[in-house]
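Per the working numbering, the sequence shown starts with residue 2, numbered consecutively.
No residue lacks a Cβ here, since even glycine has one placed at the ideal position from N, Cα and C.
Here's the structure we're looking at; comments come further down.
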Amino acid sequence: MFKHNASNVILIFLFLIAVTTPLLADSETGTWTQGAPALANRTEIAAAALDGKIFVVGGFSKPSLSNVLDFAISRDVEVYDPIVDSWSTTTPLPEGRHHAGIATLDGFLYIIGGFAKSGFSVWHAVNTVYQFNPATQTWRERTPMLTARGALGVTVYQGKIYAIGGYDGKQNSGATEIYDPKTDTWSTAAPLMAPRDHLAVAVANSRIFAIGGRSNLKYRQNTSVVESYDPDTNQWQYKASLPTARSGISAGVINDQIYVLGGESGEGTFDNNERYLPDEDRWTTLTPMPTARHGLGVAVINKRLYAIGGGTSPGASFSRINEIFVPEKSLQHH
């Protein structure tokens, strides 16, 4: 009799563990799902949300006979509609770009800087600014940045676009430059204290954060440095370091919390999903991406993070992957 009861107790206990453990894990970390893959295998792309859709722009395409003359630098612009989980294409960039910055503001999409082909080099830093009008599906050039650079970070704050850091073709740039679309002009602000490239830039709690990156394009020289910029005082200050030194990362913001995904080093690619809480100046570790990648694009729609494309191994690798992270409500309203 005791044996029988003990067996029942054990079975009930195991059942409770099986039922409750996933719920506990989800409430602490959130969940990943798969979306329809992008149309082309790419890496070092730029991605942003506009009018409920995600635009994925430029980067390197998987090399083929059709793109060998362009050194596989992509002009492609793909558009993802999360409601129907499908992809389409729109007017390509005027010229191929990789490692470009991207921003959306007042109904327009902006592609800022990046690297282009020049002679036999694919690392020619540019200062071009392309503006895309989704209503007419046309591109036009705007006033260029003051400092040519690629692998920079770009974000929007109070109606202006901030272009931060990057690599100018010779060395890291700490430049912080501000674009005003109303006047089509650029101005300068205080530079980064720690110049770097392949960083992530995001806005939370009325501050601009410059996160991680590397020194002079060398992924064996990753940094965990985080700086916060106050537009009111025009000053940068150091904040709590990224838990994992990474570059080739991308970030998204949900409820003033910054999620930093992916990256690479000399040893491999990262599946890390780390979240920064500006109010507390601390980081937490969340459920990793199903597929480790660098050079990916991240965009947020309806409090979901879409992690698209990128390379699955360090350097020249490409993917069409579209993975979607849904933070639990306990995280969203921390």
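In the structure shown, the three-state DSSP call for T44 is strand. Residue pairing by DSSP places E79 opposite V57 and T90 in a beta bridge. Its chain contains A201, G213, V261, G263 and G264 as the residues whose beta carbon lies nearer than 6 Å to that of I250, once the 5 sequence neighbours on both sides are disregarded; these appear in chain order.
Counted as a single uninterrupted DSSP element, the beta strand (DSSP E) harbouring D181 occupies residues T177 to D181. For W124, same chain residues with a beta-carbon under 6 Å away, outside a window of 5 residues either side, are F116 in chain order. Contact check for F319 against N128 fails: the beta carbons are separated by 8 Å or more. Between S242 and S216, the CB-CB gap reaches or exceeds 8 Å. Between P38 and I302, the C-beta gap is not smaller than 8 Å, which leaves the two residues out of contact. Sorting N206, D169, E178 and A191 by C-alpha distance to the C-alpha of H199 places D169 at the top. In chain order, S229 place their CB closer than 6 Å to the CB of Q238, counting only its own chain and leaving out the 5 sequence neighbours on each side. With the rule of 3 Cβ pairs closer than 8 Å, the region 105-121 counts as touching the region 149-157. Sorting E142, A136, V57 and L306 by C-alpha distance to the C-alpha of E324 places L306 at the top. In the three-state reduction of the DSSP assignment, D282 falls in the coil class, being assigned neither a helical nor a strand state. Taking 8 Å as the cut-off, the Cβ atoms of A48 and F61 do not count as close. Residue pairing from DSSP places A164 in a beta bridge opposite V155 and E178.
At the C-beta level, T285 and R276 come within 8 Å of one another. Residue pairing by DSSP puts W237 in a beta bridge opposite Y230. Per DSSP, T292 is not a residue of any beta strand (DSSP E), being assigned neither H nor E. Burial state of E142 is exposed, judged by a 10 Å Cβ sphere holding fewer than 16 other Cβ atoms. With 16 or more neighbouring CB atoms inside 10 Å of its own CB, P196 falls in the buried class. Burial state of G312 is buried, judged by a 10 Å Cβ sphere holding 16 or more other Cβ atoms.
Contact between F326 and N274 is confirmed by a C-beta separation of about 7 Å, below the 8 Å threshold.
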